[in-house]
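Asker: So that we are looking at the same thing, I have put the structure below in structure tokens.
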Amino acid sequence: MYQNCIFDLYGTLVDIRTDESGPDFWEKVANIYKSYGAKYSADEISTFYHRIAKSEGKIERFFHPRYSHIEIKLERVFRRLYLRKGVVPSDKVISDTAIRFRKASTKFICLYDGVIDLLESLKKAGKNVYLLSNAQRCFTYPELQDLGLVDYFDGILISSDCHCSKPQKDFFDTLFKKYHLDKSKSIMIGNDCISDMGGAHRAGVDGLYIHQEISTPLEGNELICNYKIMDGDVTKIKDYLIKQ
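The opening residue of the sequence shown carries number 3 in my numbering; numbering runs sequentially from there.
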């Protein structure tokens, strides 16, 4: 019997498409910065964004050398981009920049069919529901609020808060320790064979895999899990979690 249901977010509960590769996107980002007094061209801000992000990654690796899968805080990247143009941004400007950056890259975002019913059914059945997401808090938490998901979770852990990401075992262990979870009564539900299922296996937790269009391709990757839903039907998750 699983008491603790640990969900991935993007590709599991939320369908999303983002694109940070095109010149149109970086033109939008340049305009965001220009609106706060930091003048960049699209090419310039793209170059320095990636350069600063790489620098932040090196800093995280220095302070956390045992992590194979590190996570940076994008707020630091956004702030350094302002500072190099002589603009000292407030926390509000950084927050607004993060949200506008995300919106500029997002093609669409929505809940998969059946998600609300699933979460409500789990809560009615007395289950504990947690979120373990490889993401950036600065724009993921606002998206959770906009999608009406926050109140369904008994705990939310986002990788940018923890310096590491799935499949790093330490990220899973942080969740178990913070909320005093029994691994034998916990299951990870996710759409990625490497970060979700591979990470859960390393952490000693059962896994339920759901294959979605944006899942990491299975070809060449080992899928280790206790249950599989290969057609992306979220409504089927309830059968495994409540009837166990």
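Every residue gets a Cβ at the ideal spot worked out from N, C-alpha and C, and that includes glycine.
Taking the alpha-carbon positions, what's the residue 98 to residue 223 distance?
Answerer: In the sequence shown, counting from the first residue as 1, residue 98 sits at position 96. In the sequence shown, counting from the first residue as 1, residue 223 sits at position 221. For residue 98 and residue 223, the distance between alpha carbons rounds to 38 Å.
Asker: Mind reading off the beta-carbon distance from residue 192 to residue 14? Whole number of angstroms is fine, and I expect it under 8 Å.
Answerer: As a first step, residue 192 is located in the sequence shown; it is residue number 190 there, counting from the start. As a first step, residue 14 is located in the sequence shown; it is residue number 12 there, counting from the start. That belief holds up - the Cβ atoms of residue 192 and residue 14 are roughly 5 Å apart, short of 8 Å.
Asker: Restricting to runs no shorter than 4 residues, where is the alpha helix (DSSP H) found entirely within the region 176 to 206?
Answerer: 201 to 205
Asker: With a cut-off of 8 Å on the beta carbons, I'd call residue 135 and residue 225 a contact; round off their distance for me.
Answerer: On the sequence shown, position 133 is the one that residue 135 refers to. On the sequence shown, position 223 is the one that residue 225 refers to. About 20 Å separates the beta carbon of residue 135 from that of residue 225, a gap too long to meet the 8 Å contact definition.
Asker: Which residue marks the beginning of the beta strand (DSSP E) containing residue 157, and which one marks its end?
Answerer: Mapped onto the sequence shown, residue 157 falls at position 155. Run containing residue 157: 157 to 160, per the beta strand (DSSP E) assignment.
Asker: Could you tell me the alpha carbon to alpha carbon distance between residue 252 and residue 5, rounded to whole angstroms?
Answerer: There is simply no residue 252 to check, as the chain begins at 3 and stops at 246 in what is shown.
Asker: Got a sec? Which residues, its chain only, sit under 6 Å from residue 229 by beta carbon, not counting five neighbours each side?
Answerer: Mapped onto the sequence shown, residue 229 falls at position 227. Exclusion of the five residues before and after residue 229 leaves 210, 242 as the residues of its chain whose Cβ lies within less than 6 Å of its Cβ.
Asker: With a 10 Å radius around its C-beta and 16 neighbouring C-beta atoms as the bar for buried, classify residue 122 as buried or exposed.
Answerer: Within the sequence shown, residue 122 is the residue found at index 120, counting from 1. With fewer than 16 Cβ atoms within 10 Å of its Cβ, residue 122 is classed as exposed.
Asker: Helix or strand or just coil, what does DSSP make of residue 142?
Answerer: Residue mapping note: residue 142 aligns to position 140 of the sequence shown, counting from 1. Reduced to three states, the DSSP call for residue 142 is helix.
Asker: Residue 16: buried (16+ other C-beta within 10 angstroms of its C-beta) or exposed?
Answerer: Looking up residue 16 in the sequence shown gives position 14. Buried.
Asker: Leaving out five residues on either side along the sequence, give the residues of the same chain with a beta carbon under 7 Å from the beta carbon of residue 81.
Answerer: Looking up residue 81 in the sequence shown gives position 79. So the list reads 91, 96, once near-sequence residues are dropped.
Asker: Quick check: the Cα distance between residue 109 and residue 19, rounded to an integer number of angstroms?
Answerer: Within the sequence shown, numbered from 1, the residue matching residue 109 stands at position 107. Within the sequence shown, numbered from 1, the residue matching residue 19 stands at position 17. Cα to Cα, the separation comes out at about 5 Å.
Asker: Pull up the distance between the alpha-carbon of residue 204 and that of residue 66, whole angstroms please.
Answerer: Taking the first residue of the sequence shown as position 1, residue 204 is located at position 202. Taking the first residue of the sequence shown as position 1, residue 66 is located at position 64. Straight-line Cα distance between these residues: approximately 19 Å.
Asker: Is the region 38 to 55 in contact with the region 149 to 158, if contact means three or more CB pairs nearer than 8 Å?
Answerer: no
Asker: Sorted by chain position, which residues of the same chain lie with C-beta nearer than 8 Å to residue 79's C-beta, five sequence neighbours on each side aside?
Answerer: Taking the sequence shown and counting its residues from 1, the one referred to as residue 79 is at position 77. Closer than 8 Å at the Cβ level, and outside the excluded window around residue 79, lie 51, 54, 55, 58.
Asker: Compute the Euclidean distance between the alpha carbons of residue 38 and residue 76, then round it to the nearest angstrom.
Answerer: On the sequence shown, position 36 is the one that residue 38 refers to. On the sequence shown, position 74 is the one that residue 76 refers to. C-alpha separation (whole angstroms): 18 Å.
Asker: Going by DSSP, what residues sit across from residue 18 in a beta bridge?
Answerer: Start at 1 with the first residue of the sequence shown, and residue 18 comes out as number 16. Bridge partners of residue 18: 111.
Asker: Look up residue 89 in the DSSP assignment and say whether it is helix, strand or coil.
Answerer: As a first step, residue 89 is located in the sequence shown; it is residue number 87 there, counting from the start. Here residue 89 sits in coil by DSSP.
Asker: In the DSSP assignment, what are the bridge partners of residue 9?
Answerer: To locate residue 9, count along the sequence shown from 1; it is residue 7. Answer is 133, 191.
Asker: With distances taken between CB atoms, is the gap from residue 190 to residue 207 smaller than 8 Å?
Answerer: Here residue 190 corresponds to residue number 188 of the sequence shown, with the count starting at 1. Here residue 207 corresponds to residue number 205 of the sequence shown, with the count starting at 1. Result yes, Cβ atoms of residue 190 and residue 207 sit closer than 8 Å.
Asker: Is residue 245 buried or exposed, if buried means 16 or more other CB atoms sit within 10 Å of its CB?
Answerer: Within the sequence shown, the letter at position 243 stands for residue 245. Taking all protein chains in view, the Cβ of residue 245 is surrounded by fewer than 16 other Cβ atoms within 10 Å, so the residue is classified as exposed.
Asker: Using the beta-carbon count (16 or more within 10 Å), is residue 145 buried or exposed?
Answerer: Within the sequence shown, the letter at position 143 stands for residue 145. Counting Cβ neighbours within 10 Å, residue 145 comes out buried, since at least 16 surround it.
Asker: Residues in its own chain within less than 7 Å of residue 178 by CB, not counting five upstream and five downstream?
Answerer: In the sequence shown, residue 178 corresponds to position 176, counting from 1. Cβ neighbours of residue 178 beyond the five flanking positions: 185.
Asker: So the beta strand (DSSP E) residue 229 belongs to, where does it begin and stop?
Answerer: As a position in the sequence shown, residue 229 is number 227, starting the count at 1. Note, residue 229: beta strand (DSSP E), 229 to 231.
Asker: So, at 8 Å on beta carbons, what are the nonlocal neighbours of residue 62 in its own chain, with the 5 sequence-adjacent residues on each side left out?
Answerer: Counting from 1 along the sequence shown, the entry for residue 62 is found at position 60. Cβ neighbours of residue 62 beyond the five flanking positions: 69, 72, 73, 74, 165.
Asker: Going straight from the alpha carbon of residue 227 to that of residue 112, what length do you get?
Answerer: Position 225 of the sequence shown holds residue 227. Position 110 of the sequence shown holds residue 112. C-alpha separation (whole angstroms): 26 Å.
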